[in-house]
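>
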């Protein structure tokens with residue numbers, strides 16, 4: 001993997017970059033749609049490319065459970081398995097340490113207290129993870145079976161999956177964890193980062209290290225320095241990202257100055273539309289988030305004037321598309337009324353149409369930010 | 001609507017025909033995908049055309065309940081509402097007299113005893129219909145509200161929907177009904193057929209009459225004669241179609257000689273692949289059935305060698321497409337292994353890919369039969 005900075009803003013840390021891999025190039029700042037189980041839910045690989053996306057992010061933990069990374073290896077890797085010839089990122093499973101652990105237990109996200117009503121998580125029972133120095137024992141949410149994840153195992157799985165960019169195994173902490181716990185977790189994450197570096201065998205994959213440290217300046221700086229010292233190809237900035245958005249941006253301000261300028265930075269699991277510009281100005285190059293696709297499956301679509309909840313009856317009468325100026329095939333072909341009918345009638349196509357539109361909207365949204373950087377506006 | 005016979009077989013009653021409407025032409029014999037709620041489940045209108053389909057069939061009863069035919073009228077009719085510029089057939093609601101009535105009560109289909117295991121209906125409680133001479137009281141399966149359907153109301157709704165080809169309101173009986181009941185039901189169907197003829201106001205829609213009469217020769221002939229006498233633009237042959245496939249073909253043999261040769265004949269709600277050639281040889285021009293699309297949503301796909309149940313684990317390892325010789329985008333892009341993974345992982349895209357393939361398969365299957373007629377083979 002190569003990373004080239006094409007344009008550096010003079011007003012902020014924002015930059016336009018180019019990631020070059022054997023599966024093509026990715027212009028940054030970029031948003032990666034999430035293909036958890038080896039598909040962006042409801043869409044085809046062709047549609048992802050058609051919308052404009054050059055890269056996606058798949059989830060190691062999910063693919064390990066089903067259909068299994070050794071099976072995917074036998075197909076020649078995830079690119080061939082899912083027939084996507086663009087760039088594939090795989091996460092490390094570290095996020096599931098949180099999402100299946102304290103995320104479930106506490107009913108909280110990586111940034112606490114920012115959920116719109118439909119998305120508000122609730123405590124759903126007890127944690128499915130046990131964290132040890134050696135690694136993490138996961139209980140599968142599907143069949144309850146236990147799986148032991150170590151840094152070495154995460155790398156092995158990611159090598160089997162064959163993504164272009166892979167991540168070091170980390171412990172993603174909760175925004176409700178205290179300083180002492182977060183510090184101990186960070187020690188594990190750093191220990192695991194070194195082990196991941198050592199475990200990696202394949203030369204054709206780029207390994208990104210992950211900075212943790214919760215909402216504490218001291219820990220974030222310590223982490224940024226340590227992870228930077230290990231010569232990773234790029235960096236993820238992982239949650240917890242504090243209790244508010246303000247804190248999240250503070251965390252970026254603390255962290256990014258200690259990361260080398262010539263390597264890409266990925267703000268893991270973010271974001272909402274309002275997160276992008278500010279994070280990019282603070283030096284972020286990459287984002288991934290299931291938000292636009294998940295919202296679509298709840299009937300929520302994005303427009304320049306805000307979100308619309310097409311599950312609502314009032315939209316049935318509307319003959320206009322989701323957004324008049326939108327060039328996506330959904331807006332070119334279907335009315336809000338029809339789309340609302342499909343969703344209310346539980347037609348699967350509605351979920352697909354909303355997902356397509358939302359990802360189109362996100363792509364255009366990032367494109368506008370790239371233009372702003374290009375023209376020196378941010 | 002115009003109907004032209006392009007080629008009449010010398011070996012059977014099979015013929016190649018052309019139905020001409022203001023929304024284009026349809027070459028028969030043809031299969032119509034079912035767009036129950038104004039969409040072929042999981043697909044887009046564009047994909048239906050892309051596969052090759054020039055016509056679809058939508059369900060009057062469902063669209064009346066949701067989103068309502070008056071709403072669709074305000075959008076300029078179903079073509080505009082669903083953005084499909086091909087030919088739209090709408091059924092009359094008569095099938096729901098059966099499917100929500102004795103179909104539910106007895107757990108039976110239009111042809112009894114022919115269901116593959118996954119599809120076998122079971123008695124699901126008590127009937128949701130009350131049949132009177134004036135019309136039928138339906139209890140909505142969604143909210144339990146009662147709706148009174150008369151022939152006049154069925155026509156009014158179908159005029160609001162604006163399909164190119166509409167059907168007279170009939171009573172679709174059960175294969176378990178006896179002669180006496182079926183005879184009384186037939187009297188109602190004939191009475192309603194006359195009322196439909198009178199009620200119809202729009203000149204730009206073609207009205208098809210429906211022949212009923214269950215599995216009794218006397219009743220089928222009586223019905224074919226009576227319905228033929230009313231100068232409909234075409235004919236539906238409705239269920240019940242007996243207890244076996246053999247009986248179904250017998251029914252066609254009794255009925256079709258009494259229908260005028262120069263008008264299209266639609267075998268309503270059929271079919272399975274094995275039904276087509278035989279029915280076409282007996283003089284059928286049109287079919288509709290939710291079978292290929294419903295099977296797709298159960299993980300079942302069609303191949304020349306028979307069906308595959310891709311929900312089965314054994315397919316996970318298979319690198320070949322559903323069918324090597326198939327030119328559909330699913331077979332061109334994805335392996336059985338990947339598709340099986342998607343289905344097993346409950347990914348919506350799987351349902352969509354299977355539906356696309358099955359409808360492609362059905363289209364090609366009918367194409368082959370049209371060729372056989374063209375080359376004088378059947």
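Protein chains in written order, with my numbering: chain A, 1 to 378; chain B, 1 to 378.
Glycine included, C-beta positions come from ideal geometry on N, C-alpha and C.
A quick note: this is a predicted structure, and the numbers were derived from the prediction, not measured.
1. Kindly list, in the order they appear in chain B, the residues whose Cβ is closer than 7 Å to that of residue 81 of chain A.
2. Going along chain B, which residues have a C-beta under 7 Å from residue 347 of chain A?
3. What's the gap between the Cα of residue 85 of chain B and the Cα of residue 276 of chain A?
4. Using a C-beta to C-beta distance shorter than 8 Å, which residues of chain A count as neighbours of residue 75 of chain B?
5. So what's residue 77 of chain B in DSSP terms, helix, strand or just coil?
6. So, with DSSP's three-state summary, where would you put residue 171 of chain A?
7. Which word fits residue 321 of chain B, buried or exposed, when buried means at least 16 other C-beta atoms lie within 10 angstroms of its C-beta?
8. Distance, Cα to Cα, residue 358 of chain B vs residue 11 of chain B?
9. Rank B:27, B:211, B:52 and B:172 by C-alpha distance to the C-alpha of residue 6 of chain B and give the top, closest one.
10. What span of residues does the alpha helix (DSSP H) with residue 23 of chain A cover, start to end?
11. According to a CB-to-CB cut-off of less than 7 Å, which residues of the region 56-71 of chain B neighbour chain A?
12. On the CB-based measure, 16 or more other CB atoms within 10 Å of its CB, does residue 212 of chain A come out buried or exposed?
13. Going by CA-CA distance only, name the one from B:87, B:162 and B:2 that's closest to residue 410 of chain B.
14. Note down, in chain order, every chain B residue with its Cβ under 7 Å from the Cβ of residue 44 of chain A.
15. What did DSSP end up calling residue 301 of chain B once you bin it into helix, strand or coil?
16. Given that residue 294 of chain B touches chain A, what residues does it touch there, using C-beta distances under 9 Å?
17. Applying the 10 Å Cβ sphere with the 16-neighbour rule, what's the burial state of residue 377 of chain A?
18. Which residue from B:41, B:8, B:18 and B:20 puts its Cα closest to that of residue 346 of chain A?
19. Quick check on residue 39 of chain B: does DSSP put it in helix, strand or coil?
20. Taking the alpha-carbon positions, what's the residue 240 of chain B to residue 110 of chain B distance?
21. Output, in chain order, the set of chain B residues within a Cβ distance shorter than 7 Å of residue 342 of chain A.
22. Is there at least one Cβ from chain A nearer than 8 Å to residue 195 of chain B's Cβ?
23. Which bits of chain A does residue 316 of chain B rub up against, with CB to CB less than 7 Å?
24. Looking at C-alpha atoms only, which residue of B:57, B:284 and B:14 is the closest neighbour of residue 95 of chain B?
25. Using a Cβ cut-off of 8 Å (strictly closer), state whether residue 324 of chain B contacts chain A.
26. Of all the alpha helix (DSSP H) runs that stay within the bounds of the region 118-193 of chain B, which reach a length of 4 or more residues?
27. Taking Cβ to Cβ, would you say residue 108 of chain A is nearer than 8 Å to residue 175 of chain A?
28. Compare the C-beta of residue 352 of chain B against all C-beta atoms of chain A and say whether one is closer than 8 Å.
29. From the DSSP output, in three-state form, read off residue 203 of chain A for me.
30. Between residue 82 of chain B and residue 150 of chain A, what straight-line distance do the alpha-carbon atoms span, to the nearest angstrom?
31. How about residue 234 of chain A and residue 172 of chain A: are their beta carbons less than 8 Å apart?
32. So, does the region 12-26 of chain A touch the region 325-341 of chain A, judging by three or more C-beta pairs under 8 Å?
33. Fully enclosed by the region 247-286 of chain B, which alpha helix (DSSP H) runs are 4 residues long or longer?
34. With a threshold of 16 other CB atoms inside 10 Å of the CB of residue 106 of chain A, please say whether the residue is buried or exposed.
35. With residue 235 of chain B as the anchor, note down where its beta strand (DSSP E) starts and where it stops.
36. Between which two residues does the beta strand (DSSP E) carrying residue 308 of chain A extend?
Walking through what the data contain:
1. Within 7 Å Cβ-Cβ: 338.
2. The contacting residues are 37, 39 and 41.
3. For residue 85 of chain B and residue 276 of chain A, the distance between alpha carbons rounds to 40 Å.
4. Result: 319, 335, 337 and 338.
5. It is coil, neither helix nor strand.
6. Of the three classes helix, strand and coil, the one that applies to residue 171 of chain A here is coil, per DSSP.
7. It counts as buried.
8. Looking at the two C-alpha atoms, the distance is approximately 30 Å.
9. Ranking B:27, B:211, B:52 and B:172 by Cα distance to residue 6 of chain B puts B:27 first.
10. Counting along the chain, residue 23 of chain A falls outside any alpha helix (DSSP H), and DSSP gives it neither H nor E.
11. Flagged, chain order: 66, 67 and 71.
12. Result: buried.
13. Examination of residue 410 of chain B is not possible in this model, given that chain B is present from 1 through 378 alone.
14. Chain-ordered, the chain B residues with CB closer than 7 Å to the CB of residue 44 of chain A read 349.
15. In this structure, residue 301 of chain B counts as strand in the three-state DSSP scheme.
16. None at all; the shortest Cβ gap to chain A is about 13 Å.
17. Exposed, by the Cβ-count rule.
18. Just measuring C-alpha positions, the residue of B:41, B:8, B:18 and B:20 sitting nearest residue 346 of chain A is B:41.
19. Coil at residue 39 of chain B, not helix or strand.
20. Computed Cα separation, rounded: 5 Å.
21. Here the neighbours are 39.
22. Answer no: the Cβ-Cβ gap between residue 195 of chain B and chain A never drops below 8 Å.
23. Contact of residue 316 of chain B with chain A by beta-carbon distance below 7 Å involves 67 and 71.
24. Just measuring C-alpha positions, the residue of B:57, B:284 and B:14 sitting nearest residue 95 of chain B is B:57.
25. No, because no Cβ of chain A sits closer than 8 Å to the Cβ of residue 324 of chain B.
26. With a minimum length of 4 residues, the continuous alpha helix (DSSP H) runs that stay inside the region 118-193 of chain B are 151-161.
27. Against a cut-off of 8 Å, the Cβ pair of residue 175 of chain A and residue 108 of chain A comes out as a contact.
28. Chain A contact via Cβ: present.
29. In the three-state scheme derived from DSSP, where H, G and I count as helix and E and B as strand, residue 203 of chain A is classed as coil.
30. Answer to the nearest angstrom: the Cα atoms are 51 Å apart.
31. For the pair residue 234 of chain A and residue 172 of chain A, the CB atoms are not nearer than the 8 Å cut-off.
32. Verdict: no, contact absent.
33. Runs of alpha helix (DSSP H) with 4 or more residues, each lying fully within the region 247-286 of chain B, are found at 273-281, listed in chain order.
34. By the Cβ-count criterion, residue 106 of chain A is buried, with 16 or more other Cβ atoms from all chains shown falling within 10 Å of its own Cβ.
35. For residue 235 of chain B, the enclosing beta strand (DSSP E) has its first and last residue at 234-237.
36. Looking at the DSSP string, the run of the beta strand (DSSP E) that includes residue 308 of chain A is 306-309.
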